[in-house]
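Chemist: Residue numbers (the numbering used here): 3 to 286.
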Ligand code: PRP
Ligand code: ZN
């Protein structure tokens, strides 16, 4: 039995999806030009599909799970469950208008034409804001629509913002924020669930490792307690005596979010020779 996983064939999420599998220790013979590939060391089969089609395939049970953007999940509104945020593919779905347009509020959109590949989400947004506008659904290259006179505004994914910039557009409203998520068919068999749980365990370990750093430092013994107090550690920090009397080596794990703040405090408390090392996997 293999779990069938759908990922994007090419585009923004493809490389990071493959990278996540690799970090989970899952080797797939890279088959960008193929429709599917089997992992050699994990019971998973990978289907390469258009991201927009992934929710449908997962709902139909052609694939059991998928890595796809939340934006696509909301737009397609299929019977699938979001199981895990994957931490990559971060972007936002935004409204953009010509750079020189005067845009004061959403009222600008009233009676205008909006080009988008996200008609469901945009309709919802307009309804919530009581705006009557015309939606032009197009499936690709939405950003060129204003330039060729097809629309007054667009609603599309913005990641770095360079696509908008290069097309003379500016972002004026953010409708939703998105990142890659793992979705599943709601009716998986017991054996498939077992494989999914194994995969989730690996994904969570990789994600935790990315958010944390291993820190080693030298501490004067008289300040040891203060320094230990600053460090969370997985249980508590490891403390080893140094060859030089009066000093100890302290090892711990720090979360990325409060990393710099803690490092500063450690220095103030007399810590020296601070080494920061990336963590590959973190099992807690
Ligand atoms: C989005 C969007 C833009 C690009 C924006 O496409 O349609 O083309 O990303 O990125 P930027 O702000 O970094 O320039 P997406 O990857 O969602 O793929 P698809 O529409 O081709 O499925
Ligand atoms: Zn797409």
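Quick reminder that beta carbons are idealized off the backbone N, C-alpha and C, glycines included.
In this text, all values refer to a predicted model and were calculated from it rather than measured experimentally.
1) Could you check which residue in 157, 285, 30, 232 has the C-alpha nearest to that of residue 98?
2) Which of the three DSSP states is assigned to residue 181 in this structure?
3) Between the C-alpha atoms of residue 211 and residue 133, what's the straight-line distance to the nearest angstrom?
4) State the DSSP-derived secondary structure class of residue 111, mapped to helix, strand or coil.
5) Between which two residues does the beta strand (DSSP E) containing residue 254 stretch?
6) With a threshold of 7 angstroms, establish whether the CB of residue 254 neighbours any heavy atom of ligand 1.
7) Could you give the distance in angstroms between the alpha-carbon of residue 160 and the alpha-carbon of residue 96?
8) Compute the minimum distance between the beta carbon of residue 144 and the heavy atoms of ligand 1, and state whether it is under 7 angstroms.
9) Could you pull out every unbroken beta strand (DSSP E) segment of at least 3 residues lying fully inside the segment 141-193, listed in chain order?
10) Given this structure, state the Cα-to-Cα distance separating residue 275 from residue 209, to the nearest angstrom.
11) Bridge partners for residue 225 per DSSP, in chain order?
Modeler: Reading it off the structure:
1) The shortest C-alpha separation from residue 98 is found at 157.
2) Three-state result, residue 181: coil.
3) Between residue 211 and residue 133, the C-alpha separation is close to 45 angstroms.
4) In the structure shown, the three-state DSSP call for residue 111 is helix.
5) That run of the beta strand (DSSP E) goes 249-257.
6) Residue 254: no, Cβ never under 7 angstroms from ligand 1.
7) About 7 angstroms.
8) For ligand 1, at least one heavy atom lies less than 7 angstroms from the Cβ of residue 144.
9) You should have 155-160, 171-180, 182-186.
10) Rounded to the nearest angstrom, the two C-alpha atoms are 27 angstroms apart.
11) DSSP output for residue 225 lists no bridge partner at all.
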